[in-house]
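Notes follow once the structure below has been shown.
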Amino acid sequence: RKDMDIMEENKKLRIGIIGMGRISWAHTGGLSGCPDAVITAVCDINPDALNSAGDRLNIPAERRFTDYHDLIACPEVDAVEICTPNYLHVPMATDVIRAGKPVNIEKPLGATYEGIPELLEAYKENPQPNMMCFSYRFMPAVRYAKKLLDEKKLGNIVSVDVEYLQSGAFIEGRRLEWRFDKKKAGTGAIGDLGVHLIDMTRYLLGDITAVCACKRTVVKERKLLDSEEYGEVKTDDFCTFIADLECGAAASFTVTRCARGHSNTIKYDIYGTDGVISFNLNNPKEIYLCIGDEVKTVGLHKVDVPPEYAASQEGSFVDIALGRFREKPADIFEGAKCQKVVDAIDLSGDRREWVTIEY
Numbered sequence: 011r012k013d014m015d016i017m018e019e020n021k022k023l024r025i026g027i028i029g030m031g032r033i034s035w036a037h038t039g040g041l042s043g044c045p046d047a048v049i050t051a052v053c054d055i056n057p058d059a060l061n062s063a064g065d066r067l068n069i070p071a072e073r074r075f076t077d078y079h080d081l082i083a084c085p086e087v088d089a090v091e092i093c094t095p096n097y098l099h100v101p102m103a104t105d106v107i108r109a110g111k112p113v114n115i116e117k118p119l120g121a122t123y124e125g126i127p128e129l130l131e132a133y134k135e136n137p138q139p140n141m142m143c144f145s146y147r148f149m150p151a152v153r154y155a156k157k158l159l160d161e162k163k164l165g166n167i168v169s170v171d172v173e174y175l176q177s178g179a180f181i182e183g184r185r186l187e188w189r190f191d192k193k194k195a196g197t198g199a200i201g202d203l204g205v206h207l208i209d210m211t212r213y214l215l216g217d218i219t220a221v222c223a224c225k226r227t228v229v230k231e232r233k234l235l236d237s238e239e240y241g242e243v244k245t246d247d248f249c250t251f252i253a254d255l256e257c258g259a260a261a262s263f264t265v266t267r268c269a270r271g272h273s274n275t276i277k278y279d280i281y282g283t284d285g286v287i288s289f290n291l292n293n294p295k296e297i298y299l300c301i302g303d304e305v306k307t308v309g310l311h312k313v314d315v316p317p318e319y320a321a322s323q324e325g326s327f328v329d330i331a332l333g334r335f336r337e338k339p340a341d342i343f344e345g346a347k348c349q350k351v352v353d354a355i356d357l358s359g360d361r362r363e364w365v366t367i368e369y
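Residues 11 to 369 in the numbering used here are what the sequence shown spells out, letter by letter.
Structural data, given as structure tokens:
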């Protein structure tokens, strides 16, 4: 294979993880179900987080790093997963690719689009397998919807209505962590939650060409991490935006951390001239359909997604790193396009006007 040397048959992919905060638990849990992978190194600047993860994962002391460059250079690491704050994704991924190793990157690709062109250029100079962690692409309902849309079951797409609802802004005692710092996060709910919807929409229906947004910061101050003093929250808690899609459809999106009663809810409705697709990812193995003759007979009804549409995010990364390209994942080029949309939404919310997206 051109991207990397073919690994020995039956050899496990040895993975190092940079950033051992709460999102890393999803990665380690996913990798535990991958028989062809093993976590061999961890990295975090916080010694407590580093050693807690190292103990839990049985990582020897010599492969617990506080400098990510050391993890990348470690000969017992074949591939790297990046689970750090947003502003670190691009420089770290660039270093991994330049080191000639596959990389799996948490979303969004960056705090902003700045720096991403250098990453893309590094890939062009030294191509390596890479993947963005757009988790919801792997949900059975989303994958089945993709199949139906590719088969033109809905006819021409007229409109799309999407919501991503969380209540994390109201967690009692939540302090001024990096997610509320614009320099480190770039955006709030827009980049944290909205980027999933942006990727899902691009995956299902094609490019977003223009946006018009309204955003709010609801909890305006929080206690600092290391004192009882308060600091300003500089990222959004909530955003509603409308969008034009390249396919001709109009779309409306709501992303919020202020939806009481919702831990993590995604609702997605697609309306076409010949039918409807609707799903709620609280039940990822179900989809609601009304297609073709059903419009006149049974109406919108629940369908169980066929089991073959199940997929694993971490399993997919292991597959591409080992050269088993079963299907094309979201890569850094997809992540870059999503970042342009995130930046456009943020700018539109500041200007309170339509912003056109140039890819």
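Note that CB positions come from ideal geometry on N, CA and C, so glycine has one too.
Here's the rule: buried if 16 or more other CB atoms are within 10 angstroms of the residue's CB, otherwise exposed. What is residue i?
i: A151; result: buried
i: I25; result: buried
i: F75; result: buried
i: T307; result: exposed
i: L23; result: buried
i: E368; result: exposed
i: V352; result: buried
i: L214; result: buried
i: H311; result: exposed
i: R362; result: exposed
i: R73; result: buried
i: D360; result: exposed
i: S237; result: exposed
i: R66; result: exposed
Using 8 Å for Cβ pairs, my map puts residue i next to residue j. What's the rounded Cβ distance?
i: I330; j: G204; result: Contact flag wrong, Cβ pair sits at about 26 Å.
i: I297; j: V315; result: 6 Å
i: L119; j: C348; result: 7 Å
i: I218; j: M102; result: Their Cβ separation, rounded to whole angstroms, is 27 Å, which puts I218 and M102 out of contact at 8 Å.
i: V313; j: L299; result: 5 Å
i: S273; j: Q176; result: 7 Å
i: R32; j: F180; result: Actually they do not touch by this definition, with Cβ atoms about 17 Å apart.
i: S62; j: D171; result: Actually they are not in contact, since the Cβ atoms of S62 and D171 sit about 41 Å apart, beyond 8 Å.
Cα-Cα, which of the options is closest to residue i?
i: I107; options: L129, Y97, Y123, A121; result: L129
i: D77; options: L67, S62, L98; result: L98
i: D373; options: N292, P339, I287, V90; result: Outside the displayed range of the chain (11 to 369) lies residue 373, so it cannot be described from this structure.
i: E173; options: T250, E304, K225; result: T250
i: I252; options: E231, D46, N56, T211; result: T211
i: V228; options: I276, I82, T266, D254; result: T266
i: S169; options: F335, D279, I55; result: D279
i: G165; options: C84, G285, S42; result: G285
i: E304; options: I287, K295, N292, Y319; result: I287
i: N140; options: T264, V328, D171; result: V328
i: N114; options: S262, A36, R185; result: A36
i: G39; options: S237, K162, G359, S322; result: S322
i: C84; options: D360, I49, K225; result: I49
i: A340; options: Y146, E161, N61, I126; result: Y146
By Cβ distance below 8 Å, which residues in the same chain neighbour residue i in space, the five residues on each side in sequence not counted?
i: A195; result: P95, N96, Y97, A121, W188, R189, G201, D202, T245
i: Y123; result: A346, Q349, K350, D353
If you measure from the CB of residue i, is any heavy atom of the ligand SAH nearer than 7 Å?
i: E296; result: As for the ligand SAH, it is missing from this structure, which has no ligand bound.
When the distance is taken between beta carbons, is residue j closer than 8 Å to residue i?
i: W380; j: C222; result: In this structure the chain extends from 11 to 369, so residue 380 is not present and cannot be described.
i: G282; j: I167; result: yes
i: N293; j: T275; result: no
i: A59; j: M30; result: yes
i: F144; j: K117; result: yes
i: F248; j: K230; result: no
i: I82; j: V100; result: no
i: G110; j: Q138; result: yes
i: E319; j: Y133; result: In the sequence as presented, Glu is not what sits at residue 319; that position holds Tyr. Going by C-beta atoms, Y319 is not nearer than 8 Å to Y133.
Got a sec? Which residues, its chain only, sit under 6 Å from residue i by beta carbon, not counting five neighbours each side?
i: A260; result: S169
i: G345; result: L119, M142
i: E337; result: none
i: F148; result: A321, Q323
i: K277; result: E173, N290
i: L159; result: L214
i: G241; result: L186, L234
Starting from the C-beta of residue i, find all residues in its chain whose C-beta is less than 7 Å away, skip the five residues before and the five after it, and write them out in chain order.
i: G216; result: L255, E256, C257
i: R185; result: R232, K233, L234, L235
i: A220; result: A253, D254, W364, V365, T366, I367
i: A199; result: D246, D247, F248, C249, V265, T266, R267
Does any residue of chain D bring its CB to less than 8 Å from the CB of residue i?
i: G201; result: Note that chain D does not occur in the displayed structure, where there is just one protein chain.
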